[in-house]
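According to the numbering used here, the stretch in the sequence shown is residues 1347 to 1516, in order. Where is the CB? At the ideal position from N, CA and C, for every residue including glycine. Note that this is a predicted model, so its numbers are computed, not measured. Here's the structure, in structure tokens; my notes come after.
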Amino acid sequence: MQENELKAFIKQNSHLICEYTNKELLKDIGAMSPSFFVRLVDEYFKKEDKRISCDNLTPNTLGYFLVAEILGEAKQAFPFFRKDTLTLDYIFKDAKVYFNHVKFSIEDNTFSIYLIQTKAGVSTLEEEIIKYSKQFPMKTTGLEEFISKNSDKVLDESSKKLKEDIEKIL
């Protein structure tokens, strides 16, 4: 998808993309706040050297790619994951390991989450250790159907704000 097409698609459907991302893509992982969705979109389009270009995105994989592109290699520190950003409640409940960073990646239509222990957390550690990982097959269909079924819904205040915020940045 070309960048202009992607921007237009996101502008028109931002609230539904965010809702779909939470209900379908992140349902076994956690949840993303609407304001954090806006931040990911903003950072993605401002980023000069993207690892994942717009040409490789489809509407169905957008949610995965936004998380992987913006948060992927950054190895976000554990305190970053909270209700106002991105929660990973189901992963944290399942993992039950000590870690201090989270990494995201996409490989061959698989979305992966890694809980990592780094030197910053344990000074005697020689290199980082992946303490837990979980892979999710990426849903590559479904968004268009979700949009067509839900496009007539009345927007609540949160959805209206998300849509307005997206329109400001795109």
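Query                                                                                                                                                        : Result
Buried or exposed: Q1463, going by 16 or more other Cβ atoms within 10 Å of its Cβ?                                                                          : buried
Report the start-end ranges of each beta strand (DSSP E) in the stretch 1427 to 1499 that is 3 residues or longer and not cut off at the edges.              : 1447 to 1453, 1456 to 1463, 1475 to 1483
Using a threshold of 8 Å, state whether the C-beta atoms of G1409 and K1449 are closer than that.                                                            : no
Shortest alpha-carbon distance to L1461 belongs to which of D1454, A1441, E1472?                                                                             : A1441
Round the Cβ separation of L1516 and K1357 to the nearest angstrom and send it over; I've been treating them as touching at under 8 Å.                       : 5 Å
Do you know how far the Cα of K1499 is from the Cα of L1474?                                                                                                 : Before going further, note that residue 1474 is Glu rather than Leu in the sequence given. Going by the C-alpha atoms only, they are around 46 Å apart.
Take E1453 as the anchor and find which of N1350, F1492, F1482, F1427 has the nearest alpha-carbon.                                                          : F1482
What separation, rounded to the nearest whole angstrom, lies between the Cα atoms of F1383 and C1364?                                                        : 7 Å
Grab me the residues of I1512's own chain with a C-beta within less than 7 Å of its C-beta, minus the 5 sequence neighbours each way, in chain order.        : I1356, K1357, S1360, V1384, V1387
Of the choices N1350, S1458, S1504, whose alpha-carbon is the least far from that of I1517?                                                                  : What is shown of the chain runs 1347 to 1516, which leaves residue 1517 out entirely.
Using only the alpha-carbon positions, how far apart do N1446 and T1486 sit?                                                                                 : 31 Å
Within the continuous alpha helix (DSSP H) that includes C1364, where are the two ends?                                                                      : 1349 to 1366
Using a Cβ-Cβ cut-off of 6 Å (strictly less than) and excluding sequence neighbours within five positions of E1349, which residues of its own chain qualify? : C1400
Could you pull out every residue in the same chain whose Cβ sits closer than 8 Å to the Cβ of N1402, ignoring the five residues on either side in sequence?  : F1411
Using 10 angstroms around the beta-carbon of N1455, count the other beta-carbons present and answer buried if the total reaches 16, otherwise exposed.       : exposed
Can you give me the Cβ contacts of Y1366 inside the same chain, cut-off strictly under 6 Å, excluding the 5 residues immediately before and after it?        : L1489, F1492
So, at 6 Å on beta carbons, what are the nonlocal neighbours of D1435 in its own chain, with the 5 sequence-adjacent residues on each side left out?         : G1376
Select from V1413, K1509, M1484 the residue whose C-alpha is nearest the C-alpha of E1370.                                                                   : M1484
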